[in-house]
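Letter by letter, the sequence shown follows residues 43 to 190 in our numbering.
Here a beta-carbon is modelled for each residue, glycine too, at the ideal position from N, C-alpha and C.
All of these numbers come straight from a predicted model, not from anything done at the bench.
Here the structure is laid out as structure tokens; the discussion comes afterwards.
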Amino acid sequence: MLSNKAQYAIHALTYLGERYQQGYIPINQIAEERKIPYKFLEAILLELRKAGILGSRTGKGGGYYLTKAPEEIMLVQIMRAMDGPVALLPCVSKVFYEPCRICPYPEPKCPIRGAFLEVRDVTLKVLGGKSLRDLINRDVNFPSDFSI
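Here it is in structure tokens:
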């Protein structure tokens, strides 16, 4: 399930994306417009800055801005910055790989690993193929064989 932190991050980033290259956007403006608790948003924006997605300037006239165009910021980057691994098992993660600590099988023989590799691949295809711009334009088209 998508965490509140990731959801708020996406809402804040779409707000900033709608104002791309319009200068620094104050945090209180983002919090008010997107109904995000100020202190929580502050922590989220700091993490996004640390991940290189946002830049900021302090003081009067300061605020946050996207470091790249909205079409260059993919949902998968946001998700990883906020929640870490996209994969549901550590042994199938591309970026945060770890061997499973509780699995009694060697990885190639694990009966559940194959299914979760498929889940990871489909998830990465969707999240890696959708940008912030897609969300701003509300042009999120899922594959025809995708069902919820």
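6 Å Cβ shell around residue i - same chain, five flanking residues per side excluded
i: residue 134; result: 158, 159, 162
i: residue 164; result: none
i: residue 174; result: 55, 59, 112, 115
i: residue 152; result: 145
Residue i classed as buried or exposed, judged by whether at least 16 other C-beta atoms fall within 10 angstroms
i: residue 146; result: exposed
i: residue 111; result: exposed
i: residue 90; result: buried
i: residue 52; result: buried
i: residue 144; result: exposed
i: residue 87; result: buried
Residue i: first and last residue of the uninterrupted alpha helix (DSSP H) it sits in
i: residue 155; result: 155-170
i: residue 69; result: 69-76
i: residue 49; result: 46-60
i: residue 80; result: 80-92
i: residue 175; result: 174-178
N- and C-terminal bounds of the beta strand (DSSP E) containing residue i
i: residue 99; result: 96-99
Beta-carbon contacts of residue i that lie in its chain and below 8 Å, excluding the five residues immediately before and after
i: residue 130; result: 158, 161, 162
i: residue 84; result: 69
i: residue 61; result: 67
i: residue 44; result: 121, 125
i: residue 100; result: none
Residues near residue i in its chain [Cβ-Cβ closer than 7 Å; skip 5 each side]
i: residue 148; result: none
i: residue 170; result: 116, 118
i: residue 46; result: none
i: residue 109; result: 94, 95, 96, 97
i: residue 190; result: In this prediction, residue 190 has a pLDDT of 46, which is less than 50 and means its spatial position is unreliable; what the coordinates show is noted afterwards. Excluding residues within five positions, none has a Cβ falling inside 7 Å.
Cβ contact (3+ pairs, closer than 8 Å) linking the region 121-136 and the region 63-75
no
Taking contact to mean at least 3 C-beta pairs separated by less than 8 Å, is the region 134-143 in contact with the region 72-87?
no
Counting Cβ pairs, one atom from each stretch, are 3 or more of them under 8 Å apart for the region 53-67 and the region 103-120?
Output reads yes: the region 103-120 touches the region 53-67.
When you compare the region 46-63 with the region 164-179, are there three or more beta-carbon pairs, one atom per stretch, that lie closer than 8 Å?
yes
As an exercise, report each continuous beta strand (DSSP E) stretch of at least 3 residues that is fully enclosed by the region 102-148, in chain order.
105-108
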